[in-house]
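Residue numbers (the numbering used here), protein chains in the order written: chain W, 209 to 586; chain H, 222 to 580.
Heads up, the beta-carbon is just placed ideally off N, CA and C, and yes, glycines get one too.
What follows is the structure, given as structure tokens:
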């Protein structure tokens, strides 16, 4: 019989220390992320058993307009043991604590994989007219652990937040990842990872090399150059860019935790910046986080070159996974999102589905009003 | 002289073939009174469907019966495997199976302890595990399934799938089925076959899309055997007719006629299920109002009967007898002649016919 879990707020240092003991955690669960989301009140919480920290979480409190009630949000968290069949023991003290802090609802994104698909399956799915969504393709694997988490969350009254079609407001449920170790945890060779990519990717990486594209790590001062290109990309691809200060804050906060936590990558061709990216790594998990590319000189393939540099760096740092983050579920060849999937799928690897984001209404009346407010805001 | 179910054989068989073709993996259900057609006839017809697999493109390898007592009747007429829908228990008829047929039986197991007991008795037993649904009848919870998975281990076992008995909802079953299938994954059971009932064609198609790695097998009874009502006609024979004046007494209970008319004696009584109305389950306002109205008729004396003459439903002159019923036909209406057949509206699952004639 194990002693029950208790929960209390912990310091940023305790929080960081625990994460370093784990193979990995989402970067959205590091205490540094709290400084990036400065408009939210943040709190580090820790689960204790027999006096030891056994789990942590970064809670972001978002205040409702006019009332002192909050949505307590744990993006891609918390960092606890999700494999057991007693989630209630973990979640009950957390919910009780958050309720005392004024939360009218709790939202979290269990970092638990529920399904996987191979790149080849996705490619066949896009080619097949009868397949419209990733879920229409038989998965390589349905995770028992993932299904157990979902079953328990239903049983405990949590509600899954579904996002049909495109990206949801929160963190993406479907992601694309390149495993950097094999099934037994043995690191793959660069050659092996290259071989996993499709022909176009391999050709483009070679082409960039031949055309003289040079990829290098940037410094904080280079964020301005990254940002200029990123704003250019935003105009071209019709998304709203974040301000430069957002990236500076992120760079400073994450960089303070670990010198390799956040990296700026720049691909230049004859002095012109043709692609720039931001990568993040926590333990064995490396993410491609933000990317920008020039409209001119697309033929030199700066984007492929910079991805390959990030992958090699992740491998050298001992990462197990290179994560290209969100993809939409659509495999419809006519959907505008499918191009992004195809770019990511070209790296080989696999699509993974996470358990998604879940809400537990604590105060049902306010939660209903909140949902109404969100719906009206569109 | 009898309560007769006449089947337009050509049309009925066409419907059976079409239904099987539309629902690959179908498990026909033959239980109880055989939906009025008798269990033996349905078992033979299932064999006929199996023999026509090359026409329908839908192999039929499994027939579901309701209880262990029904196994023998079906087994002698149908050559494939037999799924027993009533959960196996370590007592009763389940233990008395003929060893020659028991090898063809697929059991339904709804309790973890029964799984151990069944496998102890018969290590080669084949079975499906029943999941507890919102019906809360029989079945295993998620943790029960996990315990079953643990007990079975990764080795090959007799596990043939998971069964769910869903309520007859008017709303969609998909939410519940998705959760139940997720529970199967969570349990770690090695099966990817699910037996379900009462899903619409659209719901089955939806499941096939969402769970392309699962085999969803629909269990179908009513929609298969009785799905084309136009192919089925139920008739009773007029056995006798007596003219009565107002005040004349008649019947077992010496009732008196309210006005001039005819007492018409027809075949079909309580022995056939006539007058023993099974609740329709229809809880609509209209249905409840109809029940009230019938009660009202009862109060003034006569109750509406399921027999109709020239398209008009007639009243019972008194409660039905074991094998015949007395109807009241008021003056002015046509009086049927003796030997004539009249229509009867029945619930097939609650009626035993004297004769089933398949044309």
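Given a threshold of 16 other Cβ atoms within 10 Å of its Cβ, counted over all protein chains shown, does residue i qualify as buried or as exposed?
i	result
residue 356/W	buried
residue 493/W	buried
residue 260/W	exposed
residue 559/H	exposed
residue 408/W	exposed
residue 283/W	buried
residue 573/W	exposed
residue 281/H	buried
residue 543/H	exposed
residue 214/W	exposed
residue 551/H	exposed
residue 394/W	exposed
residue 277/H	buried
residue 319/W	buried
residue 583/W	exposed
residue 347/W	buried
When every heavy atom of the ligand ZN is checked, does at least one fall within less than 7 Å of the C-beta of residue i?
i	result
residue 399/W	Judged by which ligands are present, the structure shown has none, so any question about the ligand ZN falls away.
Roughly how many angstroms lie between the CA atoms of residue i and residue j, to the nearest whole one?
i	j	result
residue 350/W	residue 357/H	27 Å
residue 469/W	residue 488/W	5 Å
residue 449/W	residue 211/W	48 Å
residue 307/H	residue 328/H	8 Å
residue 232/H	residue 527/H	25 Å
residue 411/W	residue 335/W	22 Å
residue 414/H	residue 285/W	33 Å
residue 272/W	residue 578/W	8 Å
residue 561/H	residue 261/H	29 Å
residue 419/W	residue 540/W	34 Å
residue 452/W	residue 427/H	46 Å
residue 443/W	residue 500/W	11 Å
residue 545/W	residue 277/W	36 Å
residue 390/W	residue 557/W	11 Å
residue 378/W	residue 317/W	9 Å
residue 341/W	residue 428/W	40 Å
residue 380/W	residue 402/H	23 Å
residue 241/H	residue 287/H	20 Å
residue 504/W	residue 370/W	38 Å
residue 376/W	residue 562/W	Note that residue 376/W has pLDDT 47, beneath the 50 cutoff, so the model's placement of it is unreliable and no number is given.
residue 313/H	residue 335/H	13 Å
residue 571/H	residue 298/H	23 Å
residue 231/W	residue 365/W	30 Å
residue 420/H	residue 233/W	42 Å
residue 560/W	residue 350/H	30 Å
Within the 8 Å Cβ cut-off, does residue i reach chain W?
i	result
residue 254/H	no
residue 378/H	no
residue 431/H	yes
residue 363/H	yes
Against chain H, does residue i count as a neighbour if the rule is that its beta carbon must be under 8 Å from one of theirs?
i	result
residue 324/W	no
residue 620/W	Given a span of 209 to 586 for chain W in the structure shown, any question on residue 620/W remains unanswerable.
residue 227/W	no
residue 350/W	yes
residue 335/W	no
Residues of chain H with CB closer than 7 Å to the CB of residue i, please, in chain order.
i	result
residue 362/W	400
residue 345/W	433
Which residues in chain W have a C-beta closer than 8 Å to the C-beta of residue i? List them in chain order.
i	result
residue 372/H	Residues of chain W passing the Cβ test: none, with the nearest at roughly 16 Å.
To the nearest whole angstrom, what separates the beta carbons of residue i and residue j, a pair I think is in contact under 8 Å?
i	j	result
residue 585/H	residue 541/H	Outside the shown range of chain H (222 to 580) lies residue 585/H, about which nothing can therefore be said.
residue 250/W	residue 266/W	6 Å
residue 468/H	residue 539/H	Not a contact, Cβ separation roughly 16 Å.
residue 252/H	residue 291/H	6 Å
residue 440/H	residue 248/H	5 Å
residue 369/H	residue 333/H	6 Å
residue 553/W	residue 327/W	5 Å
residue 315/H	residue 284/H	Wrong, their Cβ atoms sit about 18 Å apart, outside the cutoff.
residue 563/H	residue 459/H	6 Å
residue 545/H	residue 488/H	6 Å
Using the beta-carbon of each residue, which ones in chain H are nearer than 8 Å to residue i?
i	result
residue 358/W	403, 407
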